[in-house]
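Undergrad: Counting from 1, position 67 in the first sequence corresponds to residue 291 in this note's numbering; the numbering is continuous, with no gaps.
Quick reminder that beta carbons are idealized off the backbone N, C-alpha and C, glycines included.
Predicted model only: the values in this text are computed from it and were never measured.
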Amino acid sequence: MSLYLELQQKLIQHVRDLLQRQYDVELPRIVVDQPPDIKLGEYALPLSFELAKKLRKAPKKIAEEIVAAMGTVPGFERFEVAGAGYINARLDRRLAAGLLLTPKAAGQSTGKKVLVEHTSINPNKAAHIGHLRNSVLGDTFVRLLRASGAQVDIQNYIDNTGVQVADVVVGFLHLEKKGKSEVEKLIAASAPPRPFDYYCWDLYARVSQWYEEDKEHLKLRLQTLHEIEQGGNEAAGIGRIVAVAIIRRHLETMDRLGIQYDFLPQESEILHLHFWDLAFEQMKQKGVLYFEKEGKNKGCWVMKRAGSKPAAPPVEGEAAPEGPDEDAKVIVRSNDTVTYVGKDIAYHLWKFGLLGRDFGYQRFYQYAGGHQVWISAASGEADHPHFGGVSAIYNVIDSRQSDPQNNVIEAIRGLGHTQQAEDYHHFSYEMVALTPGCAIELGYDVSEDDRNRAYIEVSGRKGFGVKADDLLDSLIAAALQEVESRHPELPEAERRGIATHIAIGALRYFMLKFTKGSVIAFDFKEALSFEGETGPYAQYAVVRATNIFRKAGLFPEDVFRSDADLRSVSQGFLNQGFLSEDEIWELWLKAGQLSSIVEQCIATTEPAYAAKYAFQLAQQFNAFYHNHHILTEPDEARKQFLLATTAVVRRSLVQCLELMGIPVPAVM
RNA sequence: GCGCCCGUAGCUCAGCUGGAUAGAGCGGUUGCCUCCGAAGCAACAGGCCGGGAGUUCGAAUCUCUCCGGGCGCGCCA
């Protein structure tokens with residue numbers, strides 16, 4: 225816990241004791257707010273309003289009594305009454321340095337092993353902006369968890385035997401009349417500007433169109449799907465090489481944004497290693513699944529649907545209605561095949577180490593930095609790391625999947641794994657859509673109805689969307705233009721490197737600035753912006769801070785090297801009276817709140833708070849930068865203080881950007 | 001029909017475990033570069049917080065209800 229929150233807790237406890245002693249009252253919760261202005265103090269307690277009725281006294285009177293009785297609290301300077309009865313608390317600013325300590329830095333493991341599943345794009349087409357939101361949210365959340373000390377496995381689930389892959393296989397076999405060896409050649413020959421995932425993007429759209437033309441064509445889809453599930457045939461062979469080639473492309477695309485994975489579990493192994501059989505046994509034994517003998521689900525194995533209400537209470541005197549639960553969720557169809565939810569239940573039992581069987585593991589991909597990605601296999605390599613068997617999971621999956629997700633949770637709970645059901649988090653978020661204007665700009669046919677909507681859903685089947693690589697390329701091009709006009713003296717490679725960092729910053733920030741619950745109506749003008757509330761704004765604040773040190777021939781580390789260093793340095797500033805300047809003190813305070821922001825993001829599974837924090841801190845720093853010319857400050861002691869302020873803010877800002885996967889360019 | 005999400009400034013969004021004058025960015029108007037580079041700063045204009053009722057000392061925030069928009073709910077995956 226951050227010191228900032230610890231002090232808050234201490235304050236609450238002190239007040240609680242006081243209320244008990246003085247008035248013999250207890251409040252269920254003591255609220256601590258922030259006063260509207262730092263001049264009023266750091267914390268505000270509105271509790272006198274709540275007590276007014278209970279004690280039959282005016283709030284202001286109560287506040288006065290409490291303040292008089294507060295005595296001393298370590299870490300606090302004083303308390304005072306404000307407004308109509310607020311009790312404001314002022315921190316002892318000698319704690320300034322302590323506030324900046326960011327405890328639980330990475331490496332201080334909590335010992336808790338958690339699993340984050342994100343990305344999980346069907347391996348049949350290029351990644352688009354909707355997938356980007358998923359991956360950026362997931363990757364940022366991983367970074368937040370790791371910063372809080374958790375050990376995290378990152379998984380990217382691959383549905384390599386589903387209809388989407390089957391559709392592309394149908395395209396190759398029946399539209400393009402290509403066999404496996406020809407597809408292999410195509411893959412080998414594919415390169416930018418038309419990489420293989422782009423090729424499949426178009427083919428997938430064509431196949432979907434072809435199905436529309438004649439519903440008879442859909443029979444080929446079903447047939448191909450079955451062939452792929454069975455394996456050992458031409459369709460399955462094509463499906464395999466297509467999926468592998470596309471997964472590689474997805475890994476490359478995401479790597480451009482600093483997003484990496486540990487393990488890629490595939491549906492093919494869940495099928496071939498018979499994960500479902502084990503889950504099926506467990507579910508039958510515990511009665512979670514039962515065989516339906518009548519009604520519309522006759523001949524199926526079904527379970528009670530999550531969130532379903534119990535049947536209407538029986539009318540008095542009548543027997544409870546028997547009859548089948550028509551609302552039940554089918555898990556095993558009457559033709560003995562398993563539904564998607566069934567397979568997902570088995571997979572999630574594996575995640576928690578409750579299945580009693582493991583994947584085989586093979587090396588799949590190595591990143592430039594050396595990190596290894598493993599993929600599931602029927603028979604794996606001997607010397608592999610172990611995945612799964614974790615205590616908590618986070619599934620970054622859009623809100624449209626909340627029904628099936630809840631059913632999986634319900635099945636796990638039904639099996640008696642109540643703790644695991646509690647620690648199963650569906651990290652739900654809303655989709656990315658296109659504004660009608662954006663869709664028209666991209667050259668798509670937009671119907672009259674769609675033109676009047678606020679946004680239009682991205683659709684891979686229609687080939688309707690903005691590809692992730694294209695967007696990143698546009699961002700790099702736009703940033704490069706700026707860099708070239710600002711730094712014509714730099715070598716081209718360096719300019720390109722800076723532009724890439726800026727583009728990543730802009731894109732990742734854009735995906736994080738909205739809270740999960742709001743649909744992003746994608747708009748090029750906004751996404752390509754580098755001004756205002758954007759990633760580059762925050763990056764630029766760091767670069768400005770760095771420039772001050774560079775100009776002075778110093779490094780930020782010259783001001784303080786360690787937290788202990790910072791503590792003694794800031795002690796001096798306090799003695800000189802510098803920290804009593806509210807405007808600057810507010811910056812120290814804000815910089816010190818980073819670790820509590822991390823805690824808040826994790827508790828609410830909301831990375832947008834980190835984005836908001838980075839922007840606000842950068843904004844406050846920019847104002848400070850404008851108001852104080854540091855390098856020309858004549859008073860040497862004060863200059864040191866301003867430099868330290870810069871170093872302190874810079875440190876928190878860099879850390880926060882790292883949490884969002886936003887790199888900091890050397891110059892901008 | 002049932003479930004989930006959204007409705008706050010012209011636009012895009014924060015604020016929602018109730019608390020002091022409702023915030024930001026963009027866009028508009030107007031200032032500020034003899035570099036710690038303006039990808040910045042400052043100022044102004046702009047709000048029945050979708051409507052109504054309730055709870056409360058206090059509601060953008062909680063409850064109910066209505067309206068408007070989106071997404072789910074299949075022996076598809």
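Which runs of the beta strand (DSSP E) spanning at least 3 residues fall entirely within the segment 551-578, listed in chain order?
TA: Counting whole runs of 3 or more residues, the segment 551-578 contains the beta strand (DSSP E) stretches 553-556.
Undergrad: Could you pull the start and end residues of the alpha helix (DSSP H) that residue 303 belongs to?
TA: Counting from 1 along the first sequence, the entry for residue 303 is found at position 79. First-last for residue 303: 300-306, but that is the beta strand (DSSP E), not the alpha helix (DSSP H).
Undergrad: With a 10 Å radius around its C-beta and 16 neighbouring C-beta atoms as the bar for buried, classify residue 691 as buried or exposed.
TA: Position 467 of the first sequence holds residue 691. Buried, by the Cβ-count rule.
Undergrad: In terms of residue numbering, what span does the alpha helix (DSSP H) encompassing residue 481 cover?
TA: Here residue 481 corresponds to residue number 257 of the first sequence, with the count starting at 1. It is not in any alpha helix (DSSP H) - residue 481 carries neither H nor E in the DSSP assignment.
Undergrad: For a test of the three-state rule: what should DSSP assign to residue 227, helix, strand or coil?
TA: For this step, residue 227 is matched to residue 3 along the first sequence. Residue 227: helix per DSSP, three-state reduction.
Undergrad: Looking at the secondary structure, which residues open and close the alpha helix (DSSP H) in which residue 873 lies?
TA: Taking the first sequence and counting its residues from 1, the one referred to as residue 873 is at position 649. That run of the alpha helix (DSSP H) goes 860-883.
Undergrad: Kindly list the residues whose CB is nearer than 8 Å to the CB of residue 317, restricted to its own chain and excluding five residues on each side of it in sequence; keep chain order.
TA: Counted from its first residue, the first sequence places residue 317 at position 93. Once the five neighbours on either side are set aside, the close Cβ partners of residue 317 are 301, 798, 803, 804 and 809.
Undergrad: Going by beta-carbon coordinates alone, are residue 705 and residue 729 separated by less than 9 Å?
TA: Taking the first sequence and counting its residues from 1, the one referred to as residue 705 is at position 481. Taking the first sequence and counting its residues from 1, the one referred to as residue 729 is at position 505. No, Cβ-Cβ distance for residue 705 and residue 729 is not below 9 Å.
Undergrad: Find the nearest neighbour of residue 272 within the set 295, 264, 239 and 258, judged by alpha-carbon distance.
TA: As a working mapping, residue 272 is identified with position 48 in the first sequence. Nearest C-alpha to residue 272: 239.
Undergrad: Are the Cβ atoms of residue 420 and residue 462 separated by less than 9 Å?
TA: Counted from its first residue, the first sequence places residue 420 at position 196. Counted from its first residue, the first sequence places residue 462 at position 238. Going by C-beta atoms, residue 420 is not nearer than 9 Å to residue 462.
Undergrad: Can you name the start and end residues of the beta strand (DSSP E) that residue 649 belongs to?
TA: Mapped onto the first sequence, residue 649 falls at position 425. Unbroken beta strand (DSSP E) run through residue 649: 648-653.
Undergrad: Could you tell me the distance, in whole angstroms, from the CA atom of residue 620 to the CA atom of residue 699?
TA: As a position in the first sequence, residue 620 is number 396, starting the count at 1. As a position in the first sequence, residue 699 is number 475, starting the count at 1. Cα to Cα, the separation comes out at about 25 Å.
Undergrad: Can you tell me whether DSSP reads residue 337 as helix, strand or coil?
TA: Translated into the one-based positions of the first sequence, residue 337 becomes position 113. DSSP places residue 337 in strand when its eight states are reduced to three.
Undergrad: Verify whether the separation of the beta carbon atoms of residue 392 and residue 349 is less than 9 Å.
TA: Sequence index remark: in the first sequence, residue 392 carries index 168 (1-based). Sequence index remark: in the first sequence, residue 349 carries index 125 (1-based). It is a contact, given that the beta carbons lie within the stated cut-off.
Undergrad: Kindly indicate which three-state DSSP category residue 619 falls into: helix, strand or coil?
TA: For the purposes of this step, residue 619 is taken as residue 395 along the first sequence, with counting starting at 1. Strand.
Undergrad: Out of 379, 386 and 267, state which residue places its alpha-carbon closest to the alpha-carbon of residue 467.
TA: Sequence index remark: in the first sequence, residue 467 carries index 243 (1-based). If we check each option's Cα against that of residue 467, 386 comes out closest.
Undergrad: For residue 679, name the three-state secondary structure that DSSP assigns.
TA: The count along the first sequence starts at 1 and reaches residue 679 at position 455. Of the three classes helix, strand and coil, the one that applies to residue 679 here is coil, per DSSP.
Undergrad: Taking Cβ to Cβ, would you say residue 481 is nearer than 9 Å to residue 759?
TA: Residue numbering aside, residue 481 sits at position 257 when the first sequence is read from its first letter. Residue numbering aside, residue 759 sits at position 535 when the first sequence is read from its first letter. Not closer than 9 Å, so no.
Undergrad: Going by DSSP in three states, residue 544 sits in which element: helix, strand or coil?
TA: By 1-based counting over the first sequence, the position of residue 544 is 320. Residue confidence is low: residue 544 scores 48 on pLDDT, short of 50, so the model does not pin down where it sits. Its coordinate-derived value is still stated next. Of the three classes helix, strand and coil, the one that applies to residue 544 here is coil, per DSSP.
Undergrad: May I have the straight-line CA-CA distance separating residue 684 from residue 355, to the nearest angstrom?
TA: Here residue 684 refers to the residue found at position 460 when the first sequence is read from its first residue. Here residue 355 refers to the residue found at position 131 when the first sequence is read from its first residue. Residue 684 and residue 355: Cα-Cα distance of roughly 11 Å.
Undergrad: Any idea which residues DSSP pairs residue 587 with across the strands?
TA: Position 363 of the first sequence holds residue 587. Residue 587 pairs with 598.
Undergrad: Should residue 631 be labelled buried (16 or more other beta-carbon atoms within 10 Å of its own) or exposed?
TA: Within the first sequence, numbered from 1, the residue matching residue 631 stands at position 407. Buried.
Undergrad: So what's residue 267 in DSSP terms, helix, strand or just coil?
TA: Counting from 1 along the first sequence, the entry for residue 267 is found at position 43. Looking at residue 267 - three-state DSSP - the assignment turns out to be strand.
Undergrad: Whose CA, out of 408, 555 and 232, lies closest to the CA of residue 523?
TA: In the first sequence, residue 523 corresponds to position 299, counting from 1. Closest option to residue 523, Cα to Cα, is 555.
Undergrad: From residue 244 to residue 648, what distance separates their C-alpha atoms?
TA: By 1-based counting over the first sequence, the position of residue 244 is 20. By 1-based counting over the first sequence, the position of residue 648 is 424. Distance between the alpha carbons of residue 244 and residue 648 is about 39 Å.
Undergrad: Hey, could you find the ends of the beta strand (DSSP E) residue 746 is sitting in?
TA: Locating residue 746 in the first sequence gives position 522, counting from the first residue. Segment 744-746, the beta strand (DSSP E) holding residue 746.
Undergrad: Between residue 790 and residue 872, is the Cβ-Cβ spacing less than 9 Å?
TA: Translated into positions along the first sequence, residue 790 becomes position 566. Translated into positions along the first sequence, residue 872 becomes position 648. Yes; because the gap between Cβ atoms is below 9 Å, this pair is in contact.
Undergrad: Is residue 471 near residue 347, with beta carbons less than 9 Å apart?
TA: Here residue 471 refers to the residue found at position 247 when the first sequence is read from its first residue. Here residue 347 refers to the residue found at position 123 when the first sequence is read from its first residue. Taking 9 Å as the Cβ cut-off, residue 471 and residue 347 qualify as a contacting pair.
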